[in-house]
Amino acid sequence: MRFSVLAFAGLACAAPSLMHRQEDYGYWNVTVTTESGRPGWQTRDVVARYHNPNIEDPFLGVCSYRFVPQGTRPPVETSTCTEGFEYSWGQPWYTLNLTQTVEIGGEQVTLYGGSLLERRCGLGSGSACRAEGRIEAGIVPLSAEESN
């Protein structure tokens, strides 16, 4: 019995060294800019620069959303994102959740991260707001509940 307890203790001590540490996956510096006004138009731009000590240049992820009312005609709504980059914004409060697929060491890696960002408003005409922050990246997906 003593042998199995010692073996288990040794394995438990070695396990953390076998796993990648969270900081090994890097982080994003992010900015979310929103603007809205009458009669219901709104814009949202998300810019994320992914940094990792194992890559020379940061990966850039950009998304842009536009909703422009057209009077009696249907509104024009557009949403575009850099390939391999996705986000969800505002649920709950001003939370930004990111998913991005990048190449690290010749391998495609899908990264996930999320954080509550501080939002500042009153930056221009209409209702312009900006949120900035740093989001740590990891390889464990956010739960479906967190990303909606």
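Residue numbers for the sequence shown follow this note's numbering, beginning at 4 and rising by one. Note that beta-carbon positions come from the ideal geometry of N, C-alpha and C, so glycine has one too. The structure presented is a predicted model; accordingly, all values stated were derived computationally and were not measured.
Which residues in the same chain as residue i place their Cβ atom closer than 6 Å to its Cβ, once the five residues preceding and following it in sequence are excluded?
| i | result |
| --- | --- |
| N55 | G29 |
| T34 | V50 and E135 |
| F88 | G64 and Q103 |
| T37 | R47 and C132 |
Between residue i and the rest of its own chain, which residues show a CB-CB distance below 7 Å, the 5 nearest in sequence each way excluded?
| i | result |
| --- | --- |
| R52 | W31, N32, P61 and L63 |
Taking the beta strand (DSSP E) that residue i falls in, what are its first and last residues?
| i | result |
| --- | --- |
| G136 | S130 to E139 |
| I102 | Here residue 102 is Thr; the residue named in the question, Ile, does not match the sequence. T98 to I107 is the extent of the beta strand (DSSP E) around T102. |
| T46 | Q45 to H54 |
| R123 | E121 to C124 |
Taking DSSP as the reference, what is the three-state secondary structure of residue i?
| i | result |
| --- | --- |
| D60 | coil |
| Y28 | helix |
| Y115 | strand |
| V143 | coil |
| E86 | coil |
| T81 | strand |
| S20 | In this predicted model, S20 has a pLDDT of only 40, less than 50, meaning its place in the structure is not dependable; the value taken from the coordinates is given anyway. In the structure shown, S20 sits in a helix (DSSP, three-state: H, G or I). |
Assuming residue i and residue j form a contact by the criterion Cβ under 8 Å, report the distance between their Cβ atoms to the nearest whole angstrom.
| i | j | result |
| --- | --- | --- |
| G108 | N57 | 6 Å |
| W96 | R47 | Not confirmed; about 15 Å, so no contact. |
| G74 | L114 | Not really, about 42 Å apart at Cβ, beyond 8 Å. |
| F70 | Q94 | Rounded, the Cβ-Cβ distance is 18 Å, inconsistent with contact. |
Please go through the same chain and pick out, in chain order, the residues whose beta-carbon is closer than 8 Å to the beta-carbon of residue i, but skip the five residues on each side of it.
| i | result |
| --- | --- |
| I138 | Y30, W31, V33, A51, L99, L101, G116, G117 and S118 |
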